[in-house]
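Chains A and B, in that order, give the protein sequences. If you want our numbering, it's the position in the first sequence, counting the first as 1, plus 4. If you want our numbering, it's the position in the second sequence, counting the first as 1, plus 4. Built from N, CA and C at the ideal position, the CB exists for glycine as well. What follows is a single structure, written as structure tokens, with notes after it.
Protein chains: 2
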Amino acid sequence: MRNGPRYGVQICDRCGECPWRNDSFFCQFDPVTLKAFDDITFVDAYPEGALLFAEGELPRGLYIVCYGSAKLTISSGGGKKLITRRVAAGETLGLTNVMSGKPYKATAETSSPSQLKFIKREDFLRFSGEYRDVSFNIARQLIEECDSDANQIRALGLANSAAERLAYLLLSWCDESGVASKSGMRVYVSMTQEEISQTIGTSRETVSRILKSFKDKKIITVRRSSMTVHRRHELEDLILL
Amino acid sequence: MRNGPRYGVQICDRCGECPWRNDSFFCQFDPVTLKAFDDITFVDAYPEGALLFAEGELPRGLYIVCYGSAKLTISSGGGKKLITRRVAAGETLGLTNVMSGKPYKATAETSSPSQLKFIKREDFLRFSGEYRDVSFNIARQLIEECDSDANQIRALGLANSAAERLAYLLLSWCDESGVASKSGMRVYVSMTQEEISQTIGTSRETVSRILKSFKDKKIITVRRSSMTVHRRHELEDLILL
DNA sequence: GTGCGTTTGTGACATTGGTCACACGGCCTT
DNA sequence: AAGGCCGTGTGACCAATGTCACAAACGCAC
Chain A
5 MRNGPRYGVQ
15 ICDRCGECPW
25 RNDSFFCQFD
35 PVTLKAFDDI
45 TFVDAYPEGA
55 LLFAEGELPR
65 GLYIVCYGSA
75 KLTISSGGGK
85 KLITRRVAAG
95 ETLGLTNVMS
105 GKPYKATAET
115 SSPSQLKFIK
125 REDFLRFSGE
135 YRDVSFNIAR
145 QLIEECDSDA
155 NQIRALGLAN
165 SAAERLAYLL
175 LSWCDESGVA
185 SKSGMRVYVS
195 MTQEEISQTI
205 GTSRETVSRI
215 LKSFKDKKII
225 TVRRSSMTVH
235 RRHELEDLIL
245 L
Chain B
5 MRNGPRYGVQ
15 ICDRCGECPW
25 RNDSFFCQFD
35 PVTLKAFDDI
45 TFVDAYPEGA
55 LLFAEGELPR
65 GLYIVCYGSA
75 KLTISSGGGK
85 KLITRRVAAG
95 ETLGLTNVMS
105 GKPYKATAET
115 SSPSQLKFIK
125 REDFLRFSGE
135 YRDVSFNIAR
145 QLIEECDSDA
155 NQIRALGLAN
165 SAAERLAYLL
175 LSWCDESGVA
185 SKSGMRVYVS
195 MTQEEISQTI
205 GTSRETVSRI
215 LKSFKDKKII
225 TVRRSSMTVH
235 RRHELEDLIL
245 L
């Protein structure tokens, strides 16, 4: 830690000393690789909502989320917007484009105050050729991206209704971050209904109405920003995916 | 060529002698790699509609299309079916699953009489670690898959109508395989309306109606299995993607 | 040609869900 | 307390499209 906090984030520019280091992808280099890695990266902190790159731009380099989170969105000429992925600490932003050199197909912005590492494209390409565990981690992340894309294609293409997609989203929250309580599974909801609608590809009003119908059927209860799923199986029954 | 034709396909089991070898991915190994590669692969011919693997199965090995074509589909409990990808000669089937060991998320079947190579998973994993150009080609193919998935997410999630998705599909046909003629761009249509509907995630009837509306507006004409796009820009105007 | 299976065309109808319009409530700042 | 902003709840309305039910056209085998 060299600097004071910025946007509430304590900056740390050497992976070896990183207090948030976890078991995902790019945190997992061995000490030698990590040292070389640190030498070619730039660290910076960003406030919530900072634009990292935009659809159509050419990739200048690779971002890695050290702390915080980001989201990728795509948008249509008609103003419609879809959130295609949420990126957590330890994951990369725009890896495929850095590898291929093709323009970004999505826009990336932080969704909370975050610290990111940045590596210039040419440095990263050279680096990835020199170290074995780097190419391995690249492949891992690429596979992970394919996997998550496949899930989204399934949800968008196969669901018969917005209710089905929403039920699917709620269940994924339960599985990823749900806490068992006596009356069901409690999850912290960090998205507004607007964001939820952009995640499942529907309108904000529809999300509001469907959530109401879930509440009416006593499937869920909502208090402040936490939601409790009482009858998981009723959500599962909705889903034919 | 060792064997007589099967399902109308002339079998060839050594890449070095392959008459269909092209410039995509796995055809591009250098001679040394190619030789080692031939030693661990099995070649076979399949009729149209042959099932190669199904959703939920564990990957036994990697398929590579030498000749012919295949498609990947996903389907819901409700009987709905979506074609997620068409796989042409030189491309692989199920690479991500072979790499990760996770169950297939899609079903693969040939969409014309085809010759495929098969490599057992453990052989492929060993092979991919030993030869440099193999890992390179794997990364290339993974990136290609992410790219195609991203396009599909955009088409499914951002389009406002079935007409928009269909227009998008027709334009992609023009770009990929269109032949300029005096009255417009001519493309050979190899899909039935049923398959088209499964590609763009709508019903067969809707495809029929939208095509009719395009014909009525003189945007396209259809004769037998070839279609001519007369007014490309009118299709483009439909698309807000 | 004849016949059969597949593919395509079309009408009628019900439902979903997008859009517009506006009210309400919470929270923050002044 | 007042005002404003943001997120949410809700009614009314309508266009898009899924579904069912046939009919017509096409392609292929005999």
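Judged by their CB atoms, I68 of chain B and T111 of chain B are not nearer to each other than the 7 Å cut-off. The CB of C150 of chain B comes closer than 8 Å to the CB of T100, L146, E149, C150 and D153 in chain A, given here in chain order.
At a cut-off of 7 Å between beta-carbon atoms, I68 of chain B makes no contact with chain A. Burial is judged here by how many other beta carbons sit within 10 angstroms of a residue's own beta carbon; G105 of chain B has fewer than 16 and is exposed. In terms of Cβ geometry, A166 of chain B and T206 of chain B form a close pair [threshold 7 Å].
Under a criterion of Cβ atoms nearer than 8 Å, the residues of chain A adjacent to M103 of chain B are, in order, A143 and I147. At a cut-off of 3 residues, the continuous stretches assigned as beta strand (DSSP E) that sit fully inside the region 129-192 of chain A are 183-185 and 188-192. DSSP, reduced to helix, strand and coil, places A54 of chain A outside both helices and strands of the structure shown, so it counts as coil. Taking the Cβ atoms as the reference, S201 of chain B lies roughly 18 Å from V191 of chain B, outside the contact range of under 8 Å.
Rounded to whole angstroms, T210 of chain B and H237 of chain B show a C-alpha spacing of 22 Å. With at least 16 other beta carbons inside 10 angstroms of its own, E168 of chain B counts as buried. Boundaries of the alpha helix (DSSP H) around Q197 of chain A: Q197 to I204.
DSSP lists no beta-bridge partner residue for Y108 of chain A.
Note on geometry: alpha-carbon atoms of L146 of chain A and L242 of chain A lie some 31 Å from one another.
In this structure, L173 of chain B keeps its C-beta atom at 7 Å or more from the C-beta atom of G161 of chain A.
Under the Cβ criterion of 7 Å, L160 of chain A is counted among the residues facing chain B. Against S80 of chain B, the close residues of chain A are L162, L244 and L245, in the order they occur along the chain (beta-carbon pairs closer than 7 Å). As computed with DSSP, E113 of chain A is found in a beta bridge with A:L55 and A:K75.
According to DSSP, residue pairing for D48 of chain A in a beta bridge involves A:L120.
For the 7 Å CB-CB criterion, D48 of chain B and R18 of chain B do not form a contact. Two segments are said to touch when three or more pairs of C-beta atoms, one from each, lie closer than 8 Å; by this definition the region 21-38 of chain B touches the region 58-74 of chain B.
By DSSP's assignment, V226 of chain A forms a beta bridge with A:M231. Not flagged as an interface residue toward chain A: G65 of chain B, since no C-beta distance is shorter than 7 Å.
Taking the Cβ atoms as the reference, I44 of chain B lies roughly 15 Å from I142 of chain B, outside the contact range of under 8 Å. Under the criterion of beta carbons closer than 8 Å, L76 of chain B and R89 of chain B qualify as touching, at roughly 4 Å. Of all residues in the region 193-219 of chain B, only G205 come within less than 7 Å of chain A when Cβ atoms are compared, listed by chain position.
Classified as buried, T203 of chain A has 16 or more neighbouring CB atoms from the shown chains inside 10 Å of its CB.
Membership of K216 of chain B in the alpha helix (DSSP H) is indicated by the continuous run R208 to D220. Beta-carbon to beta-carbon, E52 of chain A and P117 of chain A are separated by about 6 Å, close enough to satisfy the 8 Å threshold. Straight through space, the alpha carbons of V102 of chain A and R64 of chain A are spaced by roughly 7 Å.
In the structure shown, K39 of chain B falls within a helical segment according to DSSP collapsed to helix, strand and coil. For H234 of chain A, the closest of A:L245, A:L244, A:R228 and A:D220 by C-alpha to C-alpha distance is A:D220. Interface criterion not met: the Cβ of T77 of chain A is under 7 Å from no Cβ in chain B. Using a Cβ-Cβ cut-off of 9 Å, T88 of chain A is close to A154, I157, R158 and G161 of chain B, given in chain order.
Apart from sequence neighbours up to five positions away, the residues of its chain that approach S212 of chain B with a beta-carbon distance below 7 Å are Q197, ordered along the chain.
Separation of D153 of chain B and K109 of chain A (C-alpha to C-alpha, rounded to the nearest whole angstrom) is 11 Å.
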